[in-house]
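Report on one structure; see the data block that follows.
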Amino acid sequence: YTGGGGTEITKDLPDGPDGPAAPDGRSDGTAYRSMVESQGEGIGIVDAREVFVFANPAADRIFGVPRGTLVGRSLQEFLDEGEQERVIAETGQRRQGLESTYELAINRPSGEQRTILVTATPRREPDGSVSGTYGVFFDITRRKREEAALREGEERYRALVESLPQAVCLATRTGIEFANAAALRMRGAASVGDLAQQDIASCFHEGDAGMARDLRSRLLESEPGDRRSFASRSAGPGGDPIPVEVDATAI
1239 YTGGGGTEIT KDLPDGPDGP AAPDGRSDGT AYRSMVESQG EGIGIVDARE
1289 VFVFANPAAD RIFGVPRGTL VGRSLQEFLD EGEQERVIAE TGQRRQGLES
1339 TYELAINRPS GEQRTILVTA TPRREPDGSV SGTYGVFFDI TRRKREEAAL
1389 REGEERYRAL VESLPQAVCL ATRTGIEFAN AAALRMRGAA SVGDLAQQDI
1439 ASCFHEGDAG MARDLRSRLL ESEPGDRRSF ASRSAGPGGD PIPVEVDATA
1489 I
């Protein structure tokens, strides 16, 4: 059944009618099979040798094979060496009766690599022994690519900000969380850790600290994008005033 944000295989899937009638009038086994085969996420069962003994159409699609052909193939066929070792370790957990969720990179027969999120549960026999694994898996390739692109974008912007000749800081209610190289030089600090516990107002000359503190309070309460620009004086390493133009934006 599907519920609670995921799918669980509650029993093996017989080929023919079996058990009491389901609410739709079909036999229990037929109803379960129809429900599992119509799921959008991949659902499969592998034996102790990691060979598929059941796979729904979504599983065939995720692994990039024709419908109905994943059964009989080994999961190891679709894995690089490093991922094979991961699956062996995961299979060891199934033998101990443990379930887990993990990411796995698979190689389709076409050569395309996909990333799937697997939730694996021990498949038990009537005597309690573990004979394989129930698996539910989602293709998260697009999400992983988007996350990688976001990280790359963040790294590029961070490198750009770090290289700016202007001093740039990120200040919160509790202190300074980021300062680029120019800001560190202006304050005579070796790293942002030296400024982490400082109020942003401490970066200004004592004669302008009150104004800076008031501006910070108002920006923290304002809408993102609210921007204020003004002339002020920063406090240099020795406390001497340094004339600065401040451009502050709420985020």
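Taken in order, the sequence shown gives residues 1239 to 1489; the numbers are from my numbering. In this text, a Cβ means the ideal position worked out from N, Cα and C, and glycines have one as well.
Counted within 10 angstroms of its Cβ, other Cβ atoms place Y1270 as buried (16 or more) or exposed: As a working mapping, residue 1270 is identified with position 32 in the sequence shown. By the neighbour-count rule (16 or more Cβ atoms within 10 Å), Y1270 is buried.
Per DSSP, the bridge partner or partners of P1360: Along the sequence shown, read from residue 1 onward, the residue named residue 1360 stands at position 122. Answer is T1371, bridged to P1360.
Reduced DSSP category for I1378 - H, G, I as helix; E, B as strand; rest coil: Locating residue 1378 in the sequence shown gives position 140, where the first residue counts as 1. In the three-state reduction of the DSSP assignment, I1378 falls in the coil class.
Residue span of the alpha helix (DSSP H) that contains D1452, given as start and end: As a first step, residue 1452 must be located in the sequence shown, where it is residue number 214. Run containing D1452: A1447 to L1458, per the alpha helix (DSSP H) assignment.
Per DSSP, the bridge partner or partners of L1355: Counting from 1 along the sequence shown, the entry for residue 1355 is found at position 117. Beta-bridge analysis with DSSP links L1355 to E1341 and F1376.
Span separating the alpha-carbon of G1426 from that of D1485: Residue mapping note: residue 1426 aligns to position 188 of the sequence shown, counting from 1. Residue mapping note: residue 1485 aligns to position 247 of the sequence shown, counting from 1. Roughly 21 Å between the two C-alpha positions.
Range of the contiguous alpha helix (DSSP H) that encloses L1422: In the sequence shown, counting from the first residue as 1, residue 1422 sits at position 184. Segment A1419 to R1425, the alpha helix (DSSP H) holding L1422.
Three-state class that DSSP yields for P1462 in the structure shown: Here residue 1462 refers to the residue found at position 224 when the sequence shown is read from its first residue. Of the three classes helix, strand and coil, the one that applies to P1462 here is coil, per DSSP.
Separation of R1383 from Q1404, as counted between CA atoms: The residue given as residue 1404 occupies position 166 in the sequence shown. The residue given as residue 1383 occupies position 145 in the sequence shown. Straight-line spacing of the CA atoms in Q1404 and R1383 works out to 33 Å.
Where F1316 falls, given that 16 or more other Cβ within 10 Å makes a residue buried: As a position in the sequence shown, residue 1316 is number 78, starting the count at 1. Buried: at least 16 other Cβ atoms inside 10 Å.
Sufficient close CB pairs (3 or more, under 8 Å) joining the region 1380-1396 to the region 1280-1289: Not touching, per the Cβ criterion.
Residues bridged to D1437 (per DSSP): The residue given as residue 1437 occupies position 199 in the sequence shown. Looking at the DSSP assignment, D1437 forms no beta bridge with any residue, so it has no partner.
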